[in-house]
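Taking it in order: structure first as structure tokens, then the write-up.
Residue numbers (the working numbering), protein chains in the order written: chain A, 1 to 312; chain B, 313 to 624; chain C, 625 to 936.
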């Protein structure tokens, strides 16, 4: 594997899940693999879990992580082709990506969407520029349209906690005060479509995700109907895709409650706004798998780094 | 020892001082202890000495330090119980602390007081939330009311430089242009109360520290009287505790001068404002121990980390 | 070697270049040299290449890098002698430098010029204060008037790519929208003056560099004339030195084009503004050595750190 930028880079999700579980059981087994190698973590946006878990994953493999907050630490980066750079950007991605490749054996990048320019976001400008101009492998730490380290994490977590052979998994929209990206929801949907689960999506009208992502997955606009017999309810807010980047509904009736959940397990990528997205009664009980998910972030990242190191 | 959040966590300060001196003599002796373990350093506020010395201490023990400026790098954190999180905070401490515990074997936290809400500061909201919700040990890198790594450092330094069996130690307030926390003064007082020294405090009227901290320690409102026969003068500005967080006096007569000091040694946690808190003639001569104190920060932190690692 | 703060610290540039090439061929040969030692990287300004390449160099030598953005992470630093510090600065460089020396075996510093106070910039206030008050070696990661890690890098790169015994090297000014420092141009000139090359400078009238730096080097105000038979064209914008820190000319005719360059190789320290300083047609072809230069930053830094470690 050269790059890991999308759930589509996973050839066989079941094999990957088994490998990740082995890493989790013995995380220090491959310490020689990353020796004398560096992982560059480039953040264009805030990060807690991704920042820490990816560093931990690198350290487990013997790699040295080098962290950089691109916006604050370095220069404004230009992505346009042929631009006369007499404005606010001081360095072109062509140089930036090639240069970082001189110092890092793998480059991991986080760059959120604009949520105002649908076409630009769908083109994955930043991520694809790194893929194009870097000479080393690229890992997506959440881009405009995907968060495949999270999607892999979630697949591992569902596999660990499933009590039936083919569990029912619901991806449910929940209300939020701000306009949020589609990346986590997209990658979760793609991961579930690759697993042997019954997968459905629940969201209010006007909130259907990109149909190229959802494909044949059933979409319910009635949350109660979708939740019937659910084993896992994965919750996430996202802004409208059709009315791009807009908050068109904050209906508190879509908040996840203990009553709605029944025996289903609650999942969320975090950070989560308590009593807006989900009530305390869910998070503060065994219904919630959010901390287990956070823990699995390490092993998802470690698996991805291991596969890249083995192939390079 | 599970956590190190207060001078009260020191069971026997004399034993600790002897152990710290041994570490200082041979800082790399315990490199296996922290191998493959990570120390998370979470800063809600600025830091120079604590940032560098705690990393150095971790490295001496073979640990990998992971540094995060919480406010800039991650999300606004909510501490309220039951809050409907539809405001500026995006992640609850319940999740944040539990999540960081998945990646770090020890979490060190710096979170300054508000200096506007006495009750909130005295409740040590941030530090106690980490203690409550993290599943790994917590180290206090300066909280609302204490700076126990500094207090331990100062005890070590006094022990190294004492020329008599029971030296006289004065904690003296000095003027400053800004409202400063009580944390350093509190932890210093607590450390001295545990040592075999003659300990007194000098501050202007209206600047008495929290009486629960000062206890039986004599408090002088006359600096000259307090300084008589002093061996060590530990200087620090703090804002009023009674008139909470206010600067009620900036009397330059309280500045520390060479003349006032006589043969006593000058100590300060740094950073120090020259010619406001203390005159150049003190800092630029052998009267000052401030650099020796800074050096001992490493061994105080290393001793604390070692004790936690040995017990976990 | 104690400090590396100027190209003048290079005793024999040819020997250094040969040593750097050996390090590049076998970068991990000296991993024991830096073991259990720390390199403090203190940034008063933005950095991409220097930040990453200096960390990589330290790691190659087995050192642990500790990075700090001084302005954001710590306290405002005072440099004045005898100042009554009742303003915005909270810590004097006398303490800051001595304190960091307690935790770091080598201190590397980046501090750009004011470009408004010529005398202050020429006095190298920040760099010299670190040299004076630190008790460990200092490395210049770009100061007010010099960038000697870049100058050494450029000497290595020219040596690697020279096709004739004594190549002709032109340092050419190019237009830019902002007022930029003289540091890179100064150190490049000083490095070329030490090498066996034919070295000339091309800049518009009013843009002559400090005559104490340029010395006997021929200065052309006609770019075309200077470029005749050039083997290497090293390009950089700088603000006026005479009319200190001012942008007195943005003439686009000074931009580097493929046509002007002919068979000469293009060099630049980066970041570079495309189609302002140089056209795409240069950077996107084999005419450009900018990525090779960026790569050599690692080995220049590694050589400097190695020499300091060997002497201490």
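C-beta atoms are modelled at their ideal positions from N, C-alpha and C, and glycine is treated no differently.
I want to verify the contact list: residues of chain C whose CB lies under 9 Å from the CB of residue i, in sequence order.
i              : result
residue 549(B) : Result: empty, since nearest Cβ-Cβ is about 11 Å, beyond 9 Å.
residue 516(B) : None at all; the shortest Cβ gap to chain C is about 18 Å.
Is residue i buried or exposed, if buried means 16 or more other CB atoms sit within 10 Å of its CB?
i              : result
residue 745(C) : buried
residue 718(C) : buried
residue 22(A)  : exposed
residue 589(B) : buried
residue 218(A) : exposed
residue 523(B) : exposed
residue 560(B) : exposed
residue 936(C) : exposed
residue 756(C) : exposed
residue 3(A)   : buried
residue 704(C) : exposed
residue 237(A) : buried
residue 557(B) : buried
residue 706(C) : exposed
residue 518(B) : exposed
Shortest alpha-carbon distance to residue i belongs to which of the options?
i              : options                        : result
residue 158(A) : 5(A), 68(A), 269(A)            : 269(A)
residue 204(A) : 252(A), 197(A), 164(A)         : 252(A)
residue 294(A) : 197(A), 90(A), 271(A), 243(A)  : 271(A)
residue 916(C) : 659(C), 639(C), 631(C), 677(C) : 677(C)
residue 427(B) : 610(B), 569(B), 578(B), 553(B) : 553(B)
residue 290(A) : 34(A), 156(A), 139(A)          : 156(A)
residue 906(C) : 872(C), 858(C), 928(C)         : 858(C)
residue 423(B) : 323(B), 441(B), 532(B), 523(B) : 441(B)
residue 355(B) : 660(C), 696(C), 814(C)         : 696(C)
residue 167(A) : 150(A), 108(A), 224(A), 198(A) : 198(A)
residue 787(C) : 887(C), 903(C), 686(C)         : 887(C)
residue 911(C) : 785(C), 766(C), 635(C)         : 785(C)
residue 730(C) : 863(C), 663(C), 680(C), 840(C) : 663(C)
residue 274(A) : 256(A), 261(A), 260(A)         : 256(A)
Can you pull the chain C neighbours of residue i, defined as C-beta to C-beta under 8 Å?
i             : result
residue 83(A) : 898, 899
With H, G and I counted as helix, E and B as strand and the rest as coil, what does DSSP make of residue i?
i              : result
residue 54(A)  : helix
residue 885(C) : helix
residue 342(B) : coil
residue 715(C) : strand
residue 96(A)  : helix
residue 148(A) : helix
residue 597(B) : coil
residue 757(C) : helix
residue 337(B) : helix
residue 588(B) : coil
residue 739(C) : coil
residue 271(A) : coil
residue 360(B) : coil
residue 617(B) : helix
residue 354(B) : strand
residue 60(A)  : helix
residue 877(C) : helix
residue 868(C) : coil
residue 786(C) : coil
residue 124(A) : coil
Closer than 8 Å by beta-carbon distance: list the chain B residues that pair up with residue i, in chain order.
i              : result
residue 697(C) : 355, 358, 359, 360, 363, 381
residue 289(A) : In chain order: nothing, as chain B lies at least about 12 Å away.
Determine the chain A residues that contact residue i at a beta-carbon separation under 9 Å, and present them in chain order.
i              : result
residue 437(B) : Ordered by position in chain A, no residue passes the 9 Å Cβ test against residue 437(B), which lies about 17 Å from the chain.
Strictly below 7 Å CB to CB, what residues from chain B border residue i?
i              : result
residue 59(A)  : 350, 376
residue 924(C) : Ordered by position in chain B, no residue passes the 7 Å Cβ test against residue 924(C), which lies about 25 Å from the chain.
Please compile the residues from chain C whose C-beta is within a distance smaller than 7 Å of the C-beta of residue i.
i              : result
residue 340(B) : 660
residue 592(B) : 706
At 9 Å on the CB atoms, spell out the chain B contacts of residue i, in chain order.
i              : result
residue 55(A)  : 350, 376, 378, 415
residue 136(A) : Correct list: empty, because the minimum Cβ distance to chain B is about 22 Å.
Below 7 Å on C-beta distance, what does residue i contact in chain A?
i              : result
residue 918(C) : 99, 102
Just the chain A side, please: which residues come within less than 8 Å of residue i by C-beta, in chain order?
i              : result
residue 585(C) : Residue 585(C) lies beyond the residue range present for chain C, which begins at 625 and ends at 936; the question has no answer from this structure.
residue 894(C) : 91, 95, 99
* **Any beta strand (DSSP E) of 3 or more consecutive residues that is wholly inside the stretch 167-235 of chain A** => Fully enclosed beta strand (DSSP E) runs of 3 or longer: 168-173, 198-202.
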